[in-house]
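> Residue numbers (my numbering): 347 to 465. Beta carbons: idealized from backbone N, C-alpha and C, even for Gly. Handing you a structure now.
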């Protein structure tokens, strides 16, 4: 009886591991699909990579500041899920001087236009 119970637990544990692995694979595939769908459209920023955020910065006419984001870890989930990362935080990450009010306003409007539902 003891060895039978141990076998049942081992099988259940193995099945749980397989289920978790399957869910992880499916989640990765879903994320990759979502990323591919928004590669050329300004939607679903929560799945954007750092490179996609840099592309967006270039697309909104802030090319001269885009390279400032390399290695800064600003990805789409930061834009979408971090309530403290607002237009001012993005402007700071980009290195936009505080006296350039028009650029700050532009950043605010563009981030607002993303329509990030998570906030």
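Alpha carbon to alpha carbon, how far is residue 446 from residue 384? Give it in angstroms, no decimals.
Going by the C-alpha atoms only, they are around 30 Å apart.
> Are residue 433 and residue 411 closer than 8 Å when you measure CB to CB?
No, the pair does not count as a contact, with Cβ atoms beyond the cut-off.
> How is residue 387 classed by DSSP in three states: helix, strand or coil?
Looking at residue 387 - three-state DSSP - the assignment turns out to be coil, as it is neither helix nor strand.
> Restricting to Cα atoms, I'd like to know which of 404, 409, 406, 398 is closest to residue 420.
Taking only the C-alpha atoms, the option nearest residue 420 is 398.
> Is the beta carbon of residue 396 sitting closer than 8 Å to the one on residue 415?
Yes. Within cutoff.
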